[in-house]
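Residues in the sequence shown are numbered consecutively from 1, following full-length UniProt numbering.
Report on the structure given below.
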Amino acid sequence: MPPSSRIPPLLQPHTQLPQDNSILLLTSTLGASANWLIIRFLCDALTTTTTTTTPTSEQPRRTAGDGHVPSRDEGASEDYNVVLVSWMRDWDFWKQEARKGGGLHLERLREEGRVAFVDGLGALFLPPLGD
């Protein structure tokens, strides 16, 4: 099932990426986790839509990091890169959530250079300099 079909139709317009000149910040509270919404934004950013059509369908074909990602010559749209900064969850959590909730293979996308992960608690601060 493509990631776009995992989003309820009424919510799809609200999970699309904003304009190119904007930054998207999602936050959550203890009572309302943003994990589901983050995965949907990742799906929208990292899933490639092509303009090629199949003989039986006029719908664009989407791939999500597991299959062949078409080149621009084959009608691919603009690709996005993502920097995911997390203060509460580690990389393994996001890999599992993206696979279960969105059908994304984040490790493969990381190897391709399309995803970068920053562990907000462990990697944002430099160790103290030795004397």
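Heads up, the beta-carbon is just placed ideally off N, CA and C, and yes, glycines get one too.
Exposure label - residue i; buried when at least 16 CB within 10 Å
| i | result |
| --- | --- |
| tryptophan 94 | buried |
| leucine 121 | exposed |
| phenylalanine 41 | buried |
| residue 146 | The displayed coordinates of the chain run from 1 to 131. Any statement about residue 146 would go beyond what the structure contains. |
| leucine 129 | exposed |
CA-to-CA distance, residue j to residue i, given in whole angstroms
| i | j | result |
| --- | --- | --- |
| lysine 100 | methionine 88 | 19 Å |
| leucine 30 | aspartate 44 | 25 Å |
| leucine 124 | leucine 11 | 33 Å |
| valine 118 | aspartate 90 | 9 Å |
| arginine 114 | proline 13 | 23 Å |
| arginine 110 | glutamine 96 | 14 Å |
Residue i versus the options, residue with shortest Cα-Cα distance
| i | options | result |
| --- | --- | --- |
| asparagine 81 | Leu106, Thr27 and Asp90 | Leu106 |
| leucine 26 | Asp20, Ile7 and Ser86 | Ser86 |
Beta-carbon proximity check, residue i vs residue j, cutoff 9 Å
| i | j | result |
| --- | --- | --- |
| leucine 84 | alanine 32 | no |
| leucine 37 | threonine 15 | yes |
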